[in-house]
Structures are given as C-alpha cells and as structure tokens.
C-alpha cells in the first residue's frame with residue numbers, strides 16, 4: 001500500500017509522542033543534575049541507578065513486545081502504560097531531600113515500564129500504517145516532529161513557566177502535571193483516529209521468537225549493533241551534557257538557553273533531512289550525520305570555563321542537535337524495513353518484538369551509556385559535590401567528548417554499509433504485496 005495517509009490522521013497519531021517524549025531523553029538529561037543538587041544521590045549512585053534500571057528493562061522490553069504481537073493488539077497496551085506513568089511521574093519528579101538511590105530506582109523503573117508499554121506498540125503501529133519506503137519516513141516524520149516539540153517544551157518550560165532558565169522543584173512539579181494531563185488525552189485522540197492494524201499472517205509469534213528474532217533476522221543483528229554504538233555515544237552525551245555545562249563551563253543558570261536551540265535544531269532539521277532522504281539512502285545519511293556529531297563534540301574541547309564559552313557552546317550543541325535529529329527519522333524507518341524482511345523471509349508478524357528490541361537498545365544506551373559516562377568522571381574523582389578541579393575535569397572531558405567519539409567512528413562505518421538499501425526494500429515490498437494479493441491468509 002503506497003497511498004498517502006491523511007495529514008489529520010498523522011497528526012493525531014503522532015500527538016501522543018509529544019508528552020511521551022518528555023519521559024526519556026529530556027528527563028535523562030535533566031534529572032541527574034536535579035537529583036545531584038536536591039537529594040542525597042551522588043554521581044556514583046546515579047551510575048548505579050541507571051545500570052539497575054536498564055537491567056530491569058532488559059527483561060521487560062522484549063516481553064512487552066512479545067505480548068503485543070501475540071495478542072495482535074496495540075492500543076490496550078498503550079492504555080496500560082499510561083496508567084503506570086500516571087502512578088509514578090509525581091514521585092519521580094518531586095523527590096524528598098533525603099531521597100537516595102533506592103527511591104530513584106523504584107520510581108524510575110515504574111515510569112520507564114509505563115513508557116515502554118506505550119512506546120513499543122506505538123512504534124509498531126507506525127510501521128504498520130504503510131509499507132511504502134518513503135511513506136514510512138513521512139509517518140515517522142510526523143511522530144518525531146511532535147516528539148521533538150515535546151522535548152522543546154520540556155527544555156523551554158523554566159522560561160515559559162517561571163521566567164528563568166533553571167530546572168527547579170516548581171518546574172518539575174508543573175511538568176509532572178502537564179504530562180499527567182497530556183498523555184491520556186493524546187491516547188484518546190490517537191485511539192479514535194487510527195484503527196488497530198490488520199494482520200494478514202496467521203503465524204503469531206511464540207515465546208521462542210524473543211530470541212528467535214535475533215537468530216533468524218540477519219539485518220536486525222546488523223541494525224542493532226550499529227544502533228548500540230550510536231546510542232552509547234548519544235547516551236553519554238545526554239547524561240553528561242547538563243553536568244558538563246554546569247559544573248565545568250559554569251553555565252548552570254543557562255542550561256535552558258543551551259538546550260532549547262539544540263532541541264529546536266533537532267526538530268527544524270527533520271523536514272530538511274526528509275528531503276535529503278528522497279535522494280540519499282537512509283543509512284548513508286545516518287553515517288554522514290555521525291561525522292557531523294564528531295566534529296561538534298571535538299570542538300567542545302576548545303571551550304574554557306566562563307561566560308565567554310556560553311555562545312560557542314550554544315552553537316556547537318545546536319549543530320549536534322541538528323545532526324542527531326536525523327537518527328530519530330531514519331532509525332524507526334530502517335527498522336520498519338527489517339519488519340518487511342522478516343515477514344517475507346520468515347512469514348511472521350513480529351513488528352512489536354522488533355521495536356521492543358529497539359526500545360530495549362534505546363534504554364540500554366541511555367542507561368549503560370549514561371552509567372559508563374558518569375562512571376568515567378567518577379573514577380577521576382568527580383562527585384558532583386564541592387569544587388571541580390584537577391583530574392575530575394579530565395574525567396568529564398573523557399566521558400562527554402572522547403568516549404562518544406570513539407564509539408561514533410565504527411558506528412558510521414557500519415551504517416554506511418547497511419544491507420537493506422532502498423532498492424532491496426522496494427523489491428521486498430512488491431513481493432509481499434503479491435503474496436498478500438494471491439494468498440491473503442497464508
């Protein structure tokens with residue numbers, strides 16, 4: 001099916017991603033510094049908390065994907081996820097001063113479990129709305145643009161709500177209230193606008209498919225390996241961005257001024273990337289964006305602490321955000337192509353399982369990548385308490401710049417040689433269409 005989807009349907013489908021997007025990358029960027037400043041949690045404690053949370057995700061993400069595929073339902077799992085988020089968002093965003101690692105881990109696990117229960121079926125539904133190579137990029141564009149709008153609102157919330165740039169208790173309280181209203185509202189609107197997908201294949205995935213997907217889908221292994229390298233790098237940057245700008249460069253009161261243009265560049269660049277993707281294969285564009293990210297990060301090393309570094313840091317992080325934005329458009333669309341490959345080769349409908357693996361990798365990257373990034377400066381004596389000096393500065397630079405760049409180099413080489421090209425996906429789509437036309441119930 002290559003018919004263009006109505007814009008209204010795409011809008012109402014993607015609108016759910018606006019509040020949902022506030023629960024991952026923006027929260028992962030801002031919560032560490034917030035907990036360091038307002039609770040008893042230390043940098044080493046943050047590294048431990050993120051590691052524990054990601055191990056938990058390693059168990060729950062594939063299971064939720066399997067359940068969604070097994071039931072053939074998407075929306076009911078999203079509704080369950082919204083309920084879990086509503087239960088945990090206030091305690092997570094409003095910790096008491098004496099809160100420690102156990103408090104952070106407990107509430108963060110609940111919220112991320114809810115996020116997963118919404119994100120995985122929503123991503124799978126995006127892949128099932130069209131089987132056309134370019135139309136899938138359009139579906140993802142709407143979803144990710146609204147997600148970036150949510151991220152932009154998150155970053156701009158201190159200025160919008162209180163007229164200042166710091167993420168305080170009051171700001172996080174208002175953000176929790178907004179998410180608690182917008183997330184269920186977005187679910188209701190999406191529920192009415194987008195039908196449950198039809199599943200022409202009778203072969204429902206069994207429990208063995210959790211691991212079978214990895215063993216029988218070679219492009220999936222290639223895709224996930226490339227994403228692991230990419231995500232560990234971006235997870236490190238996300239986890240240390242606020243800490244580096246605040247504790248080393250001295251811009252604690254200007255975080256929103258740095259983060260807002262970066263998030264805006266991610267969103268504003270997506271229509272430009274979409275036009276490029278009409279001419280360049282998605283995997284090649286992804287590799288080129290990795291080169292741009294490396295250049296921006298290496299330039300950060302030239303900045304010295306003090307007010308003179310604010311504008312250059314804003315410019316470099318804006319450039320980084322522009323290049324990062326391509327991944328949010330290309331990765332879900334690339335994985336949707338892998339879903340087609342699986343349907344053709346293995347005759348199974350495992351969209352949610354595949355997107356569960358991607359969600360797992362995303363949170364693995366945020367967690368493990370963040371834990372490693374936080375652990376590097378911790379090894380050099382950085383605690384987040386007291387004056388920053390000596391080897392702690394070296395640790396921050398290694399974690400925020402050097403480690404991510406070392407990961408991005410092999411990532412861009414792998415991305416450049418990605419096997420499912422535009423031509424090959426087009427052949428798969430035509431073969432699937434002929435199979436369904438001749439035998440709708442294989």
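Numbering (the UniProt record's numbering), first residue to last: 1 to 442. A virtual CB, placed ideally from N, CA and C, is assigned to each residue, including glycine.
Check: Is residue 60 helix, strand or coil when you go by DSSP?; Outcome: helix
Check: Residue 10 CB to nearest chain B CB: under 7 Å?; Outcome: Here there is only one protein chain, and chain B is not present.
Check: At 4 residues or longer, what runs of the alpha helix (DSSP H) sit wholly inside the region 132-179?; Outcome: 133-162
Check: So residue 236 is in the alpha helix (DSSP H); what residue range does that whole segment cover?; Outcome: 218-243
Check: For the candidate residues 257, 307 and 31, whose alpha-carbon lies nearest to that of residue 456?; Outcome: Because the chain is modelled from 1 through 442, residue 456 falls outside the range shown and cannot be assessed.
Check: Going straight from the alpha carbon of residue 288 to that of residue 412, what length do you get?; Outcome: 7 Å
Check: Which ranges does the alpha helix (DSSP H) cover as unbroken runs of at least 4 residues, wholly within the region 268-328, from first to last along the chain?; Outcome: 282-300
Check: In terms of residues, what are the limits of the alpha helix (DSSP H) holding residue 78?; Outcome: 75-93
Check: Using three-state DSSP, classify residue 382 as helix, strand or coil.; Outcome: coil
Check: Return helix, strand or coil for residue 438, following the three-state DSSP convention.; Outcome: helix
Check: Compare the C-alpha of residue 404 against each of 114, 317, 277 and 294 and name the closest.; Outcome: 294
Check: Going by DSSP, what residue range makes up the alpha helix (DSSP H) through residue 13?; Outcome: 7-14
Check: Could you name the residues of the same chain whose beta carbon sits closer than 7 Å to that of residue 110, not counting the 5 residues immediately before and after it, in chain order?; Outcome: 84, 87 and 88
Check: For the alpha helix (DSSP H) containing residue 97, name the first residue and the last one.; Outcome: Counting along the chain, residue 97 falls outside any alpha helix (DSSP H), and DSSP gives it neither H nor E.
Check: For residue 120, collect the residues of the same chain with a Cβ closer than 8 Å to its Cβ; drop the 5 residues on either side in sequence, then sort them by chain order.; Outcome: 61, 64, 65, 68, 77, 352, 355, 356 and 359
Check: Give the DSSP-derived three-state secondary structure of residue 257 in the structure shown.; Outcome: helix
Check: Given this structure, state the Cα-to-Cα distance separating residue 361 from residue 406, to the nearest angstrom.; Outcome: 19 Å
Check: DSSP state of residue 200, grouped into three classes?; Outcome: Annotation note: pLDDT 47 at residue 200 (below 50); position unreliable, no value reported.
Check: Quick one: residues in its chain with C-beta nearer than 6 Å to the C-beta of residue 164, no 5 flanking neighbours on either side, listed in chain order?; Outcome: 158
Check: Classify residue 347 as helix, strand or coil using the three-state DSSP reduction.; Outcome: coil
Check: Exposed or buried, what is residue 434 when buried is set at 16 or more other beta-carbons lying within 10 Å of its beta-carbon?; Outcome: exposed
Check: For residue 127, collect the residues of the same chain with a Cβ closer than 6 Å to its Cβ; drop the 5 residues on either side in sequence, then sort them by chain order.; Outcome: 336, 339 and 351
Check: When the distance is taken between beta carbons, is residue 14 closer than 7 Å to residue 142?; Outcome: yes
Check: Output the residue ranges of the beta strand (DSSP E) runs that lie fully inside the region 394-436 and measure 3 residues or longer, sorted by chain position.; Outcome: none
Check: Give the single residue among 260, 305, 38 and 53 whose Cα lies nearest to the Cα of residue 102.; Outcome: 53
Check: Applying the criterion that 16 or more other CB atoms from any shown protein chain within 10 Å of the CB defines a buried residue, is residue 366 buried or exposed?; Outcome: buried
Check: Among the candidates 233, 171, 327 and 38, whose CA atom is the shortest distance from the CA of residue 97?; Outcome: 38
Check: Would you check if the distance between the CB atom of residue 396 and the CB atom of residue 222 is smaller than 7 Å?; Outcome: no
Check: Under DSSP, the alpha helix (DSSP H) around residue 21 begins and ends at which residues?; Outcome: 17-21
Check: Among 283, 285, 310 and 322, which one has its Cα closest to the Cα of residue 263?; Outcome: 322
Check: When we look at the beta-carbon of residue 4 and count the other beta-carbons within 10 Å, is it buried (16 or more) or exposed?; Outcome: exposed
Check: Looking only at its own chain, which residues have a Cβ that is under 7 Å from the Cβ of residue 124, when we skip the five neighbours before and after it?; Outcome: 68, 74, 351, 352 and 355
Check: In whole angstroms, give me the CA-to-CA distance for residue 51 and residue 375.; Outcome: 11 Å
Check: Just to confirm my understanding: we take residue 10, look at its own chain, exclude 5 residues before and 5 after, and list those with CB closer than 7 Å. What are they?; Outcome: 139 and 142
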